[in-house]
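Working notes, structure below.
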Ligand code: 0A1
Ligand code: ZN
């Protein structure tokens, strides 16, 4: 079905809906192809709204009947909904529609996955369930009746009655339709219990398909930890008698915070020692926390319109990052977050898809669930906290909960509580929400008369979204390190507000080294000619110590690529010392052994005026890894051995850190022993972290064939492990073969391409394989384009998200640019292309 003609929606055009929905009663009679949905909604006129026609959204619905106050009416069906004449007084709207969940492959609205019914309503899926004012500022109290031959029938809120094939649910908390959920199927509950700080007993359930019972315990514990943490840190208590989580295999995103009934991509909740890596466990813990935290930041206080998406997402990502920092290692979490931000958000913010954290227009809102809204949105809150201080942050957030509970809010509401709490004027700070692009912050130093002067300069390149960016308020955390490594000045926050600004530090008889942007205090690209070798050895800020190593590595690699220089001995010496320093956390040392991604290097080259050549970047990274392996040489077996865990498996920070360092050592060791140690690890592994790392190294060493087959035989019935199997073969392929490996995997009988996880396993991995995807032949581009054309009519949302693989096209040489452009245009020329994909590709190519 072709989407309605693309229409651009603007933030400035917001108007309130003309009616309040006082209560909503829904009755579902489930059938794979002919599900009936009856709705009964009590509307009252909204005196604060401008005059307007009564319009209800609706898509892919067969209207059976409609009534107003019990009398049949004949609404006018329009593009995307219906209009109807209504009384100028309160009235009851009733209607019945028929929908076809079994043919709903887009996974929005009510759909089926492995025989189970499930819903996804954010952002605009509820309109595929029934006619409704499907906008987040219409909040109502829902009662839901479900009829169907399934042992488990779930919806939001508390259960009212349940008998065979019939259940009734009531959610006392007013909510927008995007938080509605329904699940029905043959599911098994893993049960738990939590008592809130005020003594309310809450029943907890994690519902899974038969066979997955053994993968629930970790998720359940993560939920309890999240509930406790939100009470302890934010004073937020859970507000229903029941909290349900359901795992589903077919899901476009990670998970969804529906009130009292969170629905999770099974990859984001199911975990076991044998089938999940340490990183999987950490991600699952974070996503469970994220969805749970939405109960207050998203559900109790929601968004007025979708332009305000960062109001709930930026804040909830920030909250989940605080949770992970508290549960695990704060320094490791911060470094991981910054690697992720630079990899995804900076690429977005520096290319044609750049948009403000609060966008001002969109065609398809699904295309704005982005790293900018989520991750940069969280960074903006982090900066706000840095600027106002911890206590003022806590006071302002408490005021936010008090003042806005039960409301649909805006970024203005959010900033107002900070202004009211602190007396600050945040109008300049607000530019972080309204301007696109990553600021470039350069620093120059002068030293005279025992005084160090730091002069900062900020510029943000113009973009299609923001033609003339104005200066930001930038909190710059600075410290000074003396020549002997001691801290001369502990972390101090400089508040930069001008395009250019200087700060002086006096009484410094010996010139210290400046450690700037400690903890990555703002999401900017920093240019500072620092003494990185000294900072790598001595910086007292653990983030900046890591950053000094990163910068040395990046500069060395850029020199190798552009000037043919050799790996920088200062970098290799510094890393050698650090990695062998057993007083440091192994997880931190493992991060020290990482190198900037090839995509990040391509971007750095482009910024410096060079044309990135993916095969040369790949070769330089290989040379650097080889140099690291040589430098660490004889220390590697000891480093590997010292980080083997003999205790029974725990996915906690301590054990995960040891495995991370052990496996970082293994990947260098493999260059020296041709994979002998990797084979031994593969043969003895009793957990997925060790098994998968060993497999990756065997493939890299060119001796993976037997293990790849053995792995498939062992895990062919476990879909989440098989996703890893599909993905790893692409990620570890030689750049010359990556395209063929991916193409070959699409022929595998288990390549269920309609399943988003499986599609992403192959094509998400191909897009991440920089030198493989950008192979000069253009075969990678063409293969991805073929499959996006195939997927679009089935699942526009996942297709559109995968289009971001093309967003960096302008970095490359003219041949590659033409190859990419030709593929983008080929996709755009496909008849009936979805609104989602059309918008993404048009923005990319513009
Ligand atoms: N709100 C969810 C993520 C989510 C967003 C959109 C979806 O479909 C378009 C699905 C899930 C979260 O932040 O976790
Ligand atoms: Zn979220």
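Numbering (this note's numbering), first residue to last: 34 to 879.
Where is the CB? At the ideal position from N, CA and C, for every residue including glycine.
Since the structure is predicted, the reported quantities are computational estimates derived from the model, not experimental observations.
Give me the residue from the options with the minimum Cα distance to residue i.
i	options	result
residue 624	478, 353 and 612	612
residue 185	683, 168, 208 and 149	149
residue 773	812, 784 and 782	812
residue 712	728, 580 and 403	728
residue 339	693, 305 and 403	403
residue 659	627, 167 and 550	627
residue 501	478, 464, 669 and 489	464
residue 400	349, 102, 810 and 41	41
residue 720	171, 262 and 314	314
residue 685	365, 107, 385 and 588	365
residue 295	224, 212, 480 and 541	212
residue 157	147, 146, 170 and 145	170
residue 876	329, 478, 833 and 514	833
residue 33	99, 102 and 50	No information on residue 33 is available, as it lies outside the stretch 34 to 879 that the chain covers here.
residue 474	691, 529 and 353	529
residue 408	555, 808, 805 and 615	555
residue 121	140, 84, 152 and 736	84
residue 233	260, 252, 224 and 219	260
residue 373	91, 632, 515 and 806	632
residue 300	842, 816 and 791	791
residue 494	460, 486, 584 and 532	532
residue 155	346, 653 and 703	346
residue 112	160, 538, 253 and 743	160
residue 302	319, 205, 293 and 515	319
residue 849	542, 138, 126 and 804	804
residue 103	114, 128 and 86	128
residue 541	859, 396, 520 and 360	520
residue 481	543, 453, 456 and 496	543
residue 231	676, 68, 269 and 223	269
residue 759	344, 273, 77 and 781	781
Using DSSP's beta-bridge definition, name the partner residues of residue i.
i	result
residue 520	514
residue 749	Residue 749 is not bridged to any residue.
residue 911	Any answer about residue 911 is impossible in this case: the structure gives the chain only from 34 up to 879.
residue 473	492 and 558
residue 534	489
residue 100	105 and 127
residue 275	236
residue 90	114 and 165
residue 71	60 and 129
residue 509	527
residue 76	54 and 124
residue 191	203
residue 289	296
Tell me, please, whether the CB atom of residue i is closer than 8 Å to any CB atom in chain D?
i	result
residue 857	Within the model displayed, chain D is absent; a lone protein chain is all it includes.
Inset, instruction - Please confirm if the region 825–841 is in contact with the region 793–807, defined as three or more CB-CB distances below 8 Å between the two stretches. - result: Flag = yes, the region 825–841 and the region 793–807 touch.
Inset, instruction - Check whether the region 265–281 touches the region 238–245, taking contact to mean three or more Cβ pairs, one atom from each stretch, closer than 8 Å. - result: At 8 Å Cβ cutoff, the stretches touch.
Inset, instruction - Write down every uninterrupted run of the beta strand (DSSP E) in the region 114–187 whose length is 3 residues or greater and which is fully enclosed by it, in chain order. - result: Counting only runs of 3+ residues, the beta strand (DSSP E) found wholly inside the region 114–187 occupies 114–116, 124–132, 142–146, 149–153 and 173–180, in chain order.
Inset, instruction - Could you please go through the chain and list the residues whose beta-carbon is closer than 5 Å to any non-hydrogen atom of the ligand ZN? - result: In chain order, the qualifying residues are 346 and 349.
Inset, instruction - Quick one: which unbroken alpha helix (DSSP H) runs of 4-plus residues sit fully inside the region 384–444? Chain order, please. - result: Entirely contained in the region 384–444, the alpha helix (DSSP H) runs reaching 4 residues are, in chain order, 410–421 and 423–437.
Legend entry - 3 or more residues per run - each beta strand (DSSP E) lying fully within the region 193–270: The region 193–270 contains these whole beta strand (DSSP E) runs: 199–208, 215–218, 221–228 and 234–241.
Legend entry - Three-pair Cβ contact test at 8 Å for the region 132–145 versus the region 91–106: Because the criterion of three Cβ pairs below 8 Å is met, the region 132–145 and the region 91–106 touch.
Inset, instruction - Take every Cβ of the region 753–761, pair it with every Cβ of the region 295–310, and state whether three or more of those distances are shorter than 8 Å. - result: Touching, per the Cβ criterion.
Legend entry - Three or more C-beta pairs below 8 Å linking the region 60–74 and the region 175–183: Touching, yes.
Legend entry - beta strand (DSSP E) segments (min. 3 residues) lying fully within the region 558–587: If we require 3 residues or more, the beta strand (DSSP E) runs fully inside the region 558–587 come out as 558–561.
Inset, instruction - Answer yes if the region 322–341 comes into contact with the region 762–777, meaning at least three C-beta pairs across the two stretches below 8 Å, and no otherwise. - result: Three or more Cβ pairs closer than 8 Å define a contact, and the region 762–777 falls short of that threshold against the region 322–341.
Inset, instruction - Spell out a yes or no on whether the region 651–666 and the region 678–685 are touching, meaning 3 or more CB-CB pairs, one atom from each, closer than 8 Å. - result: Touching, no, given that fewer than three Cβ pairs across the two stretches are closer than 8 Å.
Inset, instruction - Counting only runs of 4+ residues fully inside the region 813–837, write out the alpha helix (DSSP H) ranges in chain order. - result: The region 813–837 contains these whole alpha helix (DSSP H) runs: 829–835.
Legend entry - Validate contact between the region 545–559 and the region 596–604 using beta carbons, cut 8 Å, 3 pairs: Note that the region 545–559 does not touch the region 596–604; fewer than 3 beta-carbon pairs, one per stretch, sit closer than 8 Å.
Inset, instruction - Specify whether the region 374–384 and the region 433–440 touch according to this definition: at least 3 beta carbon pairs, one from each stretch, less than 8 Å apart. - result: Not touching, per the Cβ criterion.
Inset, instruction - State whether the region 455–469 contacts the region 380–392, with contact taken as three or more CB pairs (one from each stretch) at a distance under 8 Å. - result: In short, these stretches touch, since the Cβ pair count reaches three.
Inset, instruction - Evaluate contact between the region 470–490 and the region 412–429, counting only Cβ atoms and requiring at least three cross-stretch pairs below 8 Å. - result: No, the region 470–490 is not in contact with the region 412–429.
Inset, instruction - Report yes or no: do the region 198–214 and the region 245–258 share at least 3 C-beta pairs separated by less than 8 Å? - result: With the cut-off at 8 Å, the region 198–214 and the region 245–258 do not touch.
Inset, instruction - Say whether the region 483–492 touches the region 539–548, bearing in mind that this needs 3 or more beta-carbon pairs closer than 8 Å, one atom from each stretch. - result: Judged by Cβ distances under 8 Å, the region 483–492 makes contact with the region 539–548, as three or more pairs qualify.
Inset, instruction - Specify whether the region 667–678 and the region 695–704 touch according to this definition: at least 3 beta carbon pairs, one from each stretch, less than 8 Å apart. - result: The region 695–704 and the region 667–678 touch, with three or more beta-carbon pairs separated by less than 8 Å.
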